[in-house]
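Residue numbers for the sequence shown follow the numbering used here, so the first one is 349 and each next one is one higher. Working notes, structure below.
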Amino acid sequence: MDKKVRIMVTLREYLQNPCRALSLPYWKSKQGPVPENIKIIHQSNDSASLLAEQAAEPYFRLIHHLDHTPREALKGFFIKTAGLSDIPQIVQIINSSYPDLSVDEAQMLSYTQMLAYCEDLWIFVYETRTHTAVGCGIADFDREAREGVLEWIQVLPAWRRQGVGTLLVKELLCRIKEKQARFATVSGRADNPSQPEKLYRRCGFSGEDVWLIVRKN
349 MDKKVRIMVT
359 LREYLQNPCR
369 ALSLPYWKSK
379 QGPVPENIKI
389 IHQSNDSASL
399 LAEQAAEPYF
409 RLIHHLDHTP
419 REALKGFFIK
429 TAGLSDIPQI
439 VQIINSSYPD
449 LSVDEAQMLS
459 YTQMLAYCED
469 LWIFVYETRT
479 HTAVGCGIAD
489 FDREAREGVL
499 EWIQVLPAWR
509 RQGVGTLLVK
519 ELLCRIKEKQ
529 ARFATVSGRA
539 DNPSQPEKLY
549 RRCGFSGEDV
559 WLIVRKN
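The structure is reproduced here in structure tokens:
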């Protein structure tokens, strides 16, 4: 069994600079320690150059201060809140959106038992004419830190570059702000060929924090 190392950061410290203080949302940092075989270092750390030589995985982490979150519409599409009965469809969209990642219904159902789960932060985008679900978005809300976290933003390949991803992100930001959140964060692979970071920045996220992760065998 892997040994684990706990990283201790207080809520006050975290709120001063969330994306620099931790590589993951505050509520997740309290769920359990990091496995000992995983090394996580901020790119500004003196050891970052050493990690780069060990095939480190770079992850961006961005913040949105929710100061401007207009709700938008997209002609030909509409938003629908997802329910538990929609989990099979969510699984299908996620698995169809990634060539190297798959989830199952049990995994997605387990997320609804998490501390930061909010049922109204699971949404679909439907194409109006055919009533086909073409994308889905999932966010969390940490009531203690008052932080919204974008977790999954998926658009089926055939429907990309039509504004669906932007619609998902901006709708979730609106819903997060309505919960009196202080801010929202998002993270993802910095070297992802689909360049999701560009989408998030277009939607108002900012920051320069990158975390390097090395998984030891």
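Heads up, the beta-carbon is just placed ideally off N, CA and C, and yes, glycines get one too.
Grab me the residues of T478's own chain with a C-beta within less than 6 Å of its C-beta, minus the 5 sequence neighbours each way, in chain order. Taking the sequence shown and counting its residues from 1, the one referred to as residue 478 is at position 130. Excluding residues within five positions, none has a Cβ falling inside 6 Å.
Would you tell me roughly how many angstroms separate the C-alpha atoms of V558 and R491, rounded to the nearest one? Walking along the sequence shown from the start, residue 558 turns up at place 210. Walking along the sequence shown from the start, residue 491 turns up at place 143. Distance between the alpha carbons of V558 and R491 is about 25 Å.
For A454 and K564, the rounded distance between their alpha carbons: If you number the sequence shown from 1, residue 564 lands on position 216. If you number the sequence shown from 1, residue 454 lands on position 106. Spanning the two alpha carbons is a distance of roughly 28 Å.
K428 to N393 span [Cα, whole Å]: Position 80 of the sequence shown, counted from the first residue, corresponds to residue 428. Position 45 of the sequence shown, counted from the first residue, corresponds to residue 393. If I take the Cα positions, the gap works out to 43 Å.
Going straight from the alpha carbon of P418 to that of Y474, what length do you get? Along the sequence shown, read from residue 1 onward, the residue named residue 418 stands at position 70. Along the sequence shown, read from residue 1 onward, the residue named residue 474 stands at position 126. When rounded, the distance between both Cα atoms is 20 Å.
Thinking C-beta only, is R409 closer than 9 Å to V534? Along the sequence shown, one-based indexing puts residue 534 at 186. Along the sequence shown, one-based indexing puts residue 409 at 61. Yes, these two residues count as a Cβ contact at 9 Å.
Is the Cβ-Cβ distance between G555 and I411 less than 9 Å? Here residue 555 corresponds to residue number 207 of the sequence shown, with the count starting at 1. Here residue 411 corresponds to residue number 63 of the sequence shown, with the count starting at 1. Contact flag set, yes.
How do the segment 441-459 and the segment 509-527 stand: do at least 3 beta-carbon pairs fall below 8 Å, yes or no? no
What is the rounded straight-line gap between the Cα of P541 and the Cα of P447? For the purposes of this step, residue 541 is taken as the residue at position 193 of the sequence shown. For the purposes of this step, residue 447 is taken as the residue at position 99 of the sequence shown. Approximately 12 Å, taken between the alpha carbons.
What's the call for F426, buried or exposed, on a 16-neighbour Cβ count within 10 Å? What you label residue 426 is simply residue 78 of the sequence shown in a count that begins at 1. Under this definition F426 is an exposed residue.
Going by DSSP, which residues form a beta bridge with E361? Within the sequence shown, residue 361 is the residue found at index 13, counting from 1. Answer is none; E361 lacks a bridge partner.
DSSP three-state label for P436, please. Your numbering for residue 436 matches position 88 in the sequence shown. Under the three-state reduction of DSSP output, P436 falls in the helix class.
Compare the C-alpha of H390 against each of Y459, Q379, E405 and E384 and name the closest. Reading the sequence shown from its first residue, position 42 is the one you call residue 390. Comparing Cα-Cα distances from H390 to each of Y459, Q379, E405 and E384, the minimum goes to E405.
On a Cα-Cα basis, can you pick out the residue from G380, N365 and Q364 that is closest to M356? Residue numbering aside, residue 356 sits at position 8 when the sequence shown is read from its first letter. When each option's Cα is compared against that of M356, the closest is G380.
By alpha-carbon positions, which one of I561, W500, L547 and G424 ends up nearest to S450? One-based indexing of the sequence shown puts residue 450 at position 102. It is W500 whose Cα lies nearest to the Cα of S450.
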